[in-house]
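846 is the number that my numbering gives to position 143 of the sequence shown; each next residue is one higher, with no gaps. Backbone N, C-alpha and C define an ideal beta-carbon position, used for all residues, glycine too.
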Amino acid sequence: MSERFYITTPIYYVNDVPHLGHAYTTIAADALARFFRARGADTRFLTGTDEHGQKIEDAAKARNTTPRALADDVVTRFRDTWKNLNIANDDFIRTTEERHQKVVSEIWRRMHEAGDLYLDAYRGFYCVACEAFYTEGQLEAGNTCPTHKREVSWVEEPSYFFRLSKYEQPLLDHIERHPDFVRPEAYRNEIKSFIASGLRDLSVSRTTFNWGIPVPEDPAHVIYVWIDALSNYVSALGNIGGELYERFWPAQCHLIGKDILRFHAVYWPAMLLSAGLPLPETIFAHGWWTVRGEKISKSMPATRVDPNQFADDLGADALRYFLLREVPLGLDGDFSYEGLLGRYNADLANDLGNLIGRALTMTGKFAGGKTPAPVDALRESEAPSALLAVARTSVQEAAECFAAFSPSRALEAIWRLVRETNRFIDAQKPWTLAKDPAAADQLQHTLRTSLEAIYAITQMIAPVMPTKAAEILAQLGVAGDEAPAVLGRWPDAAAPGSDLPVGLPLNHGTPLFPRIDKARQSALLDSWLPAQSAPSNGVAAKAETPSSARKEVSFDEVSKIELRVAEVLAAEPVPKTKKLLKLSVDAGDGRPRQVVAGIAEAFSADEIVGQKVILVANLQPAEIRGVKSEGMILAAGERAIAGLATVNRDVPAGTPIR
Ligand code: MSP
């Protein structure tokens, strides 16, 4: 293992508040940094915000503010969210900081001195949402960007160009010689063929707006935002050649989403080669979290999920565990509330919570509430040595998997020990041993062995669940000021947990992962479902983003939606929910339709019966809280429902709306 571990996340755009997608990268990077720190590597973990460029300037205009004020506002949302999610970054870089601008200018100067920058003019397409240039061949029908599906702009302006083409072969050679440069492997192949298909020189300055870092010696140009942003990984270390730079550059890992792989695996290394700086060891691309197949993003207001909400409701560590356990880093994953609650109950409440609860209860009952000493004569006995073997393998495998950037497999390896320890207790039956005075040693050794396993498990889960790990240690009686040292250390692979001190007074407090019963699940789902809920949930879509920031849709797209007047025939609350009403409506189908609507906080069942509302009639049917819904009704209001959309004359049910 490397002695040094410098890991970074992308720096996030400040036109958007943090969502689950951003949280995922940051949590994964945090867990890896914590693991490497525990393994003794000199570790540095960087995150930050990307604050320049046209996208931010446009977003500020749309909100009637300045880019600086927008950045100052949104950056606190990121900082607060990272705090809520137990992120322990060593530094936070903002691209508007002077320390960053200095290094960007220096990198530009070096590229210039290498003869790699020349002045010309750019004529072509630009997608502000990606902050990227496109050729016609890369666009989809109607000149739309393949990522954002929105029309790109045509740009014609004087621009400096970077001789990216010069680095085609050097990049291919580098990737060939460094198989770990782009991971996972599928992405390495993708990048190799992208480069091999030919690199064009890259436009690297803009002149039609000015929110950015001026080109040294030619301030009519601002440096292209990706050149600016990518440099953060170096600029956050201070001056090139300075102490931090020498200590941490090149980075061991740039962890990113697959959406920005090309910038990181092609442009960034080419820039570094040009500037005469060493290349990072690994660019690791993870997949996307989707909701019903659609990428979680800013333009998905109805189903976007606020990570702070989960941290408040379940604890940040439960969210961290779910995100890292559910999907292998590198693959896409579909997020569902049910999946989150299901894993919480199965893995955290049942397996781990239960193990700790019963081990502590029994130690309280049968060993005077203090961590017992091992019984040497029983060390070699069959069951404890079998559990020890599982623990050793678990410690070994979990370490290998974390080191290979596979937190989900690391957690699987740890859970094999959690489950095996539960089975060990089941088989040893301390409650039976306690009845037999001749089995006193066996009882003591059984409890000791279980607690040692728990101690090792606690150290191993600490990178993913740092707060819960500290709580477990507190319950084991480890003093608060000693806990960081215990958690900051990976268990000894030969004798995991054997360093658990003897005679610690246990503090068996409240359960660490209380089971979420059906009633609480309903209450949580109710509060997590957006006020009006997502379109595919059968109720009206929530407008969370200001309309100015919304995507435009074409006439064709709008005409796909079939709207009709519908009369509410009957209504009743959906049991165990606060917001949902089950409606029976006449939409002119010749039979009543059932629709679930998130309007119960604004309308009683009685008051809505007889009203004529507007129904999206061709929405895919869905089950909402176990109730079938065939369509959605339209309502006004941002968070709370202010009123229902209706027609201003009395027209028959079923009348189409055009
Ligand atoms: N500012 C650029 C990055 C510059 S890095 C030098 C940017 N910012 S972003 O705010 O759009 O964040 C993109 C990153 O957020 C992705 O690469 C990924 O790490 C994370 N994610 C955003 N949405 C995501 C999902 N739906 N799923 C998983 N990760 C996602 O691009």
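First through last residue of the beta strand (DSSP E) which encompasses residue i
{"i": "threonine 711", "result": "707–716"}
{"i": "aspartate 753", "result": "745–753"}
{"i": "glutamine 963", "result": "Inspection of the sequence shows that residue 963 is occupied by isoleucine rather than by glutamine. Premise fails: isoleucine 963 is in no beta strand (DSSP E) and is neither H nor E."}
{"i": "aspartate 823", "result": "820–830"}
{"i": "leucine 1284", "result": "1284–1289"}
{"i": "isoleucine 1311", "result": "Where isoleucine 1311 is concerned, there is no enclosing beta strand (DSSP E), although the alpha helix (DSSP H) it sits in stretches over 1308–1311."}
{"i": "proline 1276", "result": "1266–1276"}
{"i": "tyrosine 837", "result": "835–837"}
{"i": "phenylalanine 1216", "result": "From DSSP, phenylalanine 1216 is part of no beta strand (DSSP E); its letter is neither H nor E."}
{"i": "valine 1330", "result": "1330–1332"}
Presumed contact (8 Å Cβ cut-off) between residue i and residue j, rounded CB distance
{"i": "threonine 799", "j": "alanine 774", "result": "6 Å"}
{"i": "leucine 1272", "j": "serine 1287", "result": "5 Å"}
{"i": "histidine 755", "j": "valine 928", "result": "5 Å"}
{"i": "leucine 1027", "j": "alanine 734", "result": "6 Å"}
{"i": "isoleucine 710", "j": "cysteine 956", "result": "5 Å"}
{"i": "alanine 736", "j": "threonine 746", "result": "5 Å"}
{"i": "alanine 1338", "j": "serine 1332", "result": "That pair is no contact at about 15 Å."}
{"i": "leucine 1146", "j": "proline 1166", "result": "So it is not a contact: roughly 33 Å between Cβ atoms."}
{"i": "alanine 1274", "j": "leucine 1284", "result": "5 Å"}
{"i": "serine 868", "j": "leucine 822", "result": "Not a contact, Cβ separation roughly 17 Å."}
{"i": "aspartate 883", "j": "glutamate 984", "result": "7 Å"}
{"i": "phenylalanine 781", "j": "proline 721", "result": "5 Å"}
Which of helix, strand or coil DSSP assigns to residue i
{"i": "tryptophan 992", "result": "strand"}
{"i": "alanine 859", "result": "The sequence given here has glutamate at residue 859, not alanine. In the structure shown, glutamate 859 sits in a strand (DSSP, three-state: E or B)."}
{"i": "leucine 1337", "result": "coil"}
{"i": "leucine 842", "result": "coil"}
{"i": "aspartate 1009", "result": "coil"}
{"i": "glycine 1056", "result": "helix"}
{"i": "cysteine 1104", "result": "helix"}
{"i": "glutamine 1323", "result": "coil"}
{"i": "arginine 1223", "result": "helix"}
{"i": "histidine 957", "result": "strand"}
{"i": "proline 1359", "result": "strand"}
{"i": "alanine 1348", "result": "coil"}
{"i": "alanine 1300", "result": "strand"}
{"i": "alanine 1343", "result": "coil"}
{"i": "isoleucine 1317", "result": "strand"}
{"i": "leucine 723", "result": "helix"}
{"i": "valine 1181", "result": "coil"}
{"i": "leucine 1432", "result": "The requested residue 1432 is not part of the displayed model; the chain covers only 704 to 1361."}
{"i": "aspartate 1139", "result": "coil"}
{"i": "alanine 923", "result": "strand"}
{"i": "aspartate 1353", "result": "coil"}
{"i": "proline 983", "result": "coil"}
{"i": "serine 868", "result": "helix"}
{"i": "serine 1000", "result": "coil"}
{"i": "isoleucine 1157", "result": "helix"}
{"i": "arginine 909", "result": "strand"}
{"i": "threonine 768", "result": "coil"}
{"i": "proline 873", "result": "helix"}
Boundaries (first-last residue) of the alpha helix (DSSP H) holding residue i
{"i": "isoleucine 930", "result": "928–933"}
{"i": "valine 1030", "result": "Counting along the chain, valine 1030 falls outside any alpha helix (DSSP H), and DSSP gives it neither H nor E."}
{"i": "glutamate 816", "result": "801–816"}
{"i": "serine 896", "result": "888–899"}
{"i": "valine 1261", "result": "1258–1262"}
{"i": "arginine 1126", "result": "1110–1131"}
{"i": "lysine 1281", "result": "Counting along the chain, lysine 1281 falls outside any alpha helix (DSSP H), and DSSP gives it neither H nor E."}
{"i": "arginine 1046", "result": "1040–1046"}
Proximity test, residue i beta-carbon vs the ligand MSP heavy atom, cut-off 7 Å
{"i": "isoleucine 796", "result": "no"}
{"i": "asparagine 792", "result": "no"}
{"i": "histidine 851", "result": "no"}
{"i": "histidine 877", "result": "no"}
{"i": "alanine 932", "result": "yes"}
{"i": "serine 868", "result": "no"}
{"i": "isoleucine 810", "result": "no"}
{"i": "tryptophan 785", "result": "no"}
{"i": "tyrosine 716", "result": "yes"}
{"i": "threonine 750", "result": "no"}
{"i": "proline 713", "result": "yes"}
{"i": "aspartate 753", "result": "yes"}
{"i": "serine 1000", "result": "yes"}
{"i": "tryptophan 992", "result": "yes"}
Check: residue i C-beta below 7 Å from any heavy atom of the ligand FMN
{"i": "aspartate 1009", "result": "This structure does not include the ligand FMN; its bound ligands are the ligand MSP."}
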